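*Asks:*
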Amino acid sequence: MFNAIHLNSIGYVFEFGNKVNTWTTYGAGKKLVGQVKSGYKFTATGQAQYKGRTWYRIKDNKWILGTNTVTTKKYASIKAKAAKTAKQKKVVALANAQVGKAYVWGATGPYSFDCSGLTMYVYKKATGLSLPHYSVSQLYYGKAVSTKKLVKGDLLFFGSKSAPSHVGIYVGGGKFVHASSPTVGVIKSKVSTNRSSAFYPSSARRVI
Numbered sequence: 013m014f015n016a017i018h019l020n021s022i023g024y025v026f027e028f029g030n031k032v033n034t035w036t037t038y039g040a041g042k043k044l045v046g047q048v049k050s051g052y053k054f055t056a057t058g059q060a061q062y063k064g065r066t067w068y069r070i071k072d073n074k075w076i077l078g079t080n081t082v083t084t085k086k087y088a089s090i091k092a093k094a095a096k097t098a099k100q101k102k103v104v105a106l107a108n109a110q111v112g113k114a115y116v117w118g119a120t121g122p123y124s125f126d127c128s129g130l131t132m133y134v135y136k137k138a139t140g141l142s143l144p145h146y147s148v149s150q151l152y153y154g155k156a157v158s159t160k161k162l163v164k165g166d167l168l169f170f171g172s173k174s175a176p177s178h179v180g181i182y183v184g185g186g187k188f189v190h191a192s193s194p195t196v197g198v199i200k201s202k203v204s205t206n207r208s209s210a211f212y213p214s215s216a217r218r219v220i
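Structure below.
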């Protein structure tokens with residue numbers, strides 16, 4: 013996690029949602045004087061090495077251990093990844109919550125859906141992303157990914173690779189949620205590895 017921060021440059025404290033201790037000094041005899049929250053922005057006014065560890069002096073002459081810090085660039089990357097993960101969780105939770113609802117051709121929720129109406133509804137509510145209706149139109153959103161390397165929230169397409177007739181949302185564990193048919197409604201199904209199966213995806217798109 014540690015990335016070297018130059019003297020007098022900006023850094024961030026980072027410890028996965030935890031607080032980080034601050035000390036009177038970096039060496040022997042140091043005393044705990046407080047804590048700062050993960051995400052705390054600081055300017056490194058001093059830098060020292062002690063027993064193979066880097067320490068930074070921050071506001072009010074307090075010191076923090078370098079392994080609890082990241083550069084501005086790294087912190088931005090961490091925040092972006094965390095935001096992406098949060099969106100994926102929202103998509104999965106909302107998709108799962110629709111299981112059991114009715115299938116109605118042309119419906120976009122909240123009480124009934126067709127296949128692309130379901131994906132439209134879930135992504136709009138969970139992430140703010142506006143997908144078009146119809147699976148063929150949704151095929152052009154996001155980026156293409158391998159159906160063998162899916163992550164939660166990916167769109168799965170079925171039927172023709174260039175003109176799919178069905179779409180669903182991958183929710184992890186080898187399963188996807190989709191508005192299947194008027195007979196069964198919105199269900200959770202296992203992604204098939206059998207090319208002759210209706211649940212074998214022809215392509216996938218990552219839109220988060």
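So the sequence shown is residues 13 to 220, counted in our numbering. C-beta atoms are modelled at their ideal positions from N, C-alpha and C, and glycine is treated no differently. Note that the structure is predicted; figures quoted are calculated from it, not measured.
1) Do the segment 193–208 and the segment 139–156 meet, that is, are 3 or more Cβ pairs less than 8 Å apart?
2) What three-state label does DSSP hand glutamine 110 in the structure shown?
3) Shortest alpha-carbon distance to proline 242 belongs to which of Ala119, Ile199, Phe188?
4) Does the distance from the C-beta atom of glutamine 61 to that of leucine 19 stay below 8 Å?
5) Quick one: what's got a C-beta closer than 8 Å to lysine 99's C-beta in the same chain, skipping five residues either side?
6) What did DSSP end up calling leucine 130 once you bin it into helix, strand or coil?
7) So, under 8 Å CB-CB, tyrosine 133 and serine 124 are touching, yes? Tell me the CB distance rounded to an integer number of Å.
8) Can you find the residues in the same chain that come closer than 8 Å, C-beta to C-beta, to arginine 217, ignoring five residues on each side of it along the sequence?
9) So what does DSSP say about isoleucine 90, is it helix, strand or coil?
10) Using three-state DSSP, classify tyrosine 52 as helix, strand or coil.
11) In angstroms, rounded to a whole number, what distance separates the CA positions of alanine 105 and threonine 36?
12) Given a cut-off of 8 Å on the beta-carbon distance, is the pair lysine 31 and valine 45 in contact?
13) DSSP three-state label for asparagine 33, please.
14) Have a look at Thr97, Lys42, Gly171, Ser192 and flag the residue whose alpha-carbon is nearest the alpha-carbon of threonine 131.
15) Taking C-alpha atoms, which residue in Val189, Gly184, Ser215 lies nearest to glycine 171?
16) Could you check what DSSP says for tyrosine 38 in three-state terms: helix, strand or coil?
*Replies:* To lay it out plainly:
1) no
2) The residue given as residue 110 occupies position 98 in the sequence shown. Correct three-state label for glutamine 110: coil.
3) With the chain covering 13 to 220 only, the question about residue 242 has no answer from this structure.
4) By one-based count along the sequence shown, residue 61 stands at place 49. By one-based count along the sequence shown, residue 19 stands at place 7. Against a cut-off of 8 Å, the Cβ pair of leucine 19 and glutamine 61 comes out as no contact.
5) Translated into positions along the sequence shown, residue 99 becomes position 87. If we look at lysine 99 and ignore the five residues flanking it on each side, its Cβ neighbours are Ala138, Thr139, Gly165, Ile220.
6) The residue given as residue 130 occupies position 118 in the sequence shown. Helix, per DSSP.
7) In the sequence shown, residue 133 corresponds to position 121, counting from 1. In the sequence shown, residue 124 corresponds to position 112, counting from 1. Incorrect: roughly 10 Å between the Cβ atoms, too far for contact.
8) Counted from its first residue, the sequence shown places residue 217 at position 205. If we look at arginine 217 and ignore the five residues flanking it on each side, its Cβ neighbours are Gln150, Leu151, Tyr153, Gly154, Lys155, Ala156, Val157, Asp166, Leu167, Phe169.
9) What you label residue 90 is simply residue 78 of the sequence shown in a count that begins at 1. Here isoleucine 90 sits in helix by DSSP.
10) As a working note, residue 52 is residue 40 in the sequence shown. DSSP places tyrosine 52 in coil when its eight states are reduced to three.
11) For the purposes of this step, residue 105 is identified with residue 93 of the sequence shown, where counting begins at 1. For the purposes of this step, residue 36 is identified with residue 24 of the sequence shown, where counting begins at 1. Straight-line Cα distance between these residues: approximately 45 Å.
12) As a first step, residue 31 is located in the sequence shown; it is residue number 19 there, counting from the start. As a first step, residue 45 is located in the sequence shown; it is residue number 33 there, counting from the start. For lysine 31 and valine 45, no; Cβs fall outside 8 Å.
13) Position 21 of the sequence shown, counted from the start, is the residue given in the question as residue 33. If DSSP states are grouped into helix, strand and coil, asparagine 33 belongs with the strands.
14) For this step, residue 131 is matched to residue 119 along the sequence shown. It is Ser192 whose Cα lies nearest to the Cα of threonine 131.
15) In the sequence shown, counting from the first residue as 1, residue 171 sits at position 159. Checked all of Val189, Gly184, Ser215; the closest Cα to glycine 171 is Ser215.
16) Your numbering for residue 38 matches position 26 in the sequence shown. Reduced to three states, the DSSP call for tyrosine 38 is coil.
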